[in-house]
Amino acid sequence: MNGNSPAPFLFLRESELGSRPNCRAPVRFTSRPLPHRGPCEARFGEAKCGKHQEREMTVHIGAKPGDIAETVLMPGDPYRAKWAAETFLEGAELVNEVRGMLGFTGTWRGNRVTIQGSGMGMPSLSIYANELMTEYGAQTLIRIGSCGGMQSHVGIRDVIIAMTASTITSPSSGIFRELNYAPCADWGLLRAAVQAAEKLEAKTHVGGIYSSDVFYAERPDLDEQMVRHGILGVEMEAAELYTLAARHKRRALAVLTVSDHLQTGEALPSEDREKSFGDMVEIALEAAFA
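15 is the number of the first residue of the sequence shown in my numbering; add one for each residue after it.
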């Protein structure tokens, strides 16, 4: 792209992004130029050359300074971020759409909240969590998303609050070398989430989960050992989030909804998943501001 070329546009179909029943005010979407990187681009908050002085954003998040709240909910799916923002936040505004990874900021009971998609897997989440913490000042980050159940007493639509998150490898594994670091949730958030779940009377399980680095796994022997050792469910992001939060002295938690089950093969149809995730989001919000 040369200096005279127009910036690329992101076009979003109304059929994909329209408002949902029982939502708060729908978020307005428009096609607008997306930012592109210049050859002289500096890090967020640093001085830029005159040509690019107006740009104040990170490589992957297009929000301006002040657009991101200190409390951030992080679903993997950007459309789940949109659904949660429309359903739970007042005055939600689109603050990021770089690479289609939607982010919104609004208020919940008068408290500012950002809901930012993270993408699928620990490498993707690591990018967004790092930038949210180090460049935008996010203090509390809560993953909200789906997981696969692994214990027989864990049912479809149940909520899992992850106390710990085991993994084989993550983007942070290299810095620990021979150490098997044990990522865990912030205790204050964990306790508040359990209390919120009890108040909602949501069927909830608290314990360890497994953050996988692959979606199509071929390790039945590993699954057997995780079940044997009480792992409640499997997802793909929490271990890295917990590790980054510990590194940067921030609070982190994962509140998950069981969408399928590794033992029974039962699974929620994709069209039913959003309707079943309300308790998870409400628990996360209650915990963040307890």
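Positions of the beta carbon are idealized from the N, C-alpha and C atoms, including for glycine. Predicted, not measured: the structure shown is a model, and the values here were computed from it.
Per DSSP, the beta bridge partners of Asn110 are Gly117.
In the DSSP assignment, Glu249 falls outside any alpha helix (DSSP H) and lies within the beta strand (DSSP E) extending over Gly247 to Glu249.
Given a length threshold of 4 residues, each whole run of the alpha helix (DSSP H) inside the segment 170 to 251 is given here in chain order: 187 to 190, 201 to 214 and 234 to 242. A straight line joining the alpha-carbon of Ile158 with that of Glu192 spans about 30 Å.
Distances from the alpha-carbon of Arg123 to those of Pro185, Ala260 and Ala106 put Ala106 closest.
About 4 Å separates the CB atoms of Leu270 and Cys161; that is less than 8 Å, so the two are in contact. Following the DSSP letters along the chain, one finds Arg265 inside the beta strand (DSSP E) bounded by residues Arg265 to His275. Ranked by Cα distance from Ser132, the first of His74, Met164 and Ala99 is His74. In the structure shown, the three-state DSSP call for Gly162 is strand. Around the CB of Val228, fewer than 16 other CB atoms lie within 10 Å, so the residue is classed as exposed. If you look at Arg126, you'll find it in the beta strand (DSSP E) that goes Asn125 to Gln130. Scanning the segment 75 to 109 from its first residue to its last, the whole beta strand (DSSP E) runs of 3-plus residues come out as 85 to 88.
The shortest CA-to-CA distance from Asp293 to any of Thr218, Leu282 and Arg265 is the one to Thr218. Contact between the segment 268 to 284 and the segment 165 to 184 is present: 3 or more CB-CB pairs across the two stretches fall below 8 Å.
Judged by beta-carbon spacing, Leu155 lies beyond the 8 Å limit of Ala260, meaning their Cβ atoms are not closer than that value.
Per the DSSP secondary-structure output, Ala143 pairs with nothing in a beta bridge.
In the same chain as Val86, and ignoring 5 residues on each side of it, the C-beta atoms closer than 6 Å to its own belong to Thr128, Gln130, Leu146, Ala152 and Leu155, in chain order. A direct Cα-to-Cα measurement between Glu296 and Ala207 gives close to 9 Å.
For the pair Asn110 and Gly117, the CB atoms are nearer than the 8 Å cut-off. For Ala281, the pairing in a beta bridge is given by DSSP as Asp274. With 16 or more other CB atoms across the displayed protein chains lying within 10 angstroms of its CB, Thr119 is buried. Rounded to whole angstroms, the gap between the alpha carbons of Pro234 and Ala95 is 33 Å. Taking the CA atoms as reference points, Val248 sits about 13 Å from Met177. Counting along the chain, Met294 sits inside the alpha helix (DSSP H) bounded by residues Gly292 to Ala302. Ranking Asp237, Arg205, Glu100 and Glu280 by CA distance to the CA of Thr181 puts Asp237 first.
Annotation for Gly244: Gln165, Gly221 and Gly222 place their beta carbon closer than 8 Å to its own, counting only its chain and skipping 5 residues before and after.
If you draw a straight line from the Cα of Arg113 to the Cα of Met134, it is about 13 Å long. The closest CA to that of Ser284, considering only Glu84, Tyr230, Asp91 and Tyr224, is found on Asp91.
Looking at the backbone, the Cα of Ala196 and that of Val168 are separated by about 23 Å.
Note: Arg157 is bridge-paired with Met88 and Ala268 in the DSSP secondary-structure output.
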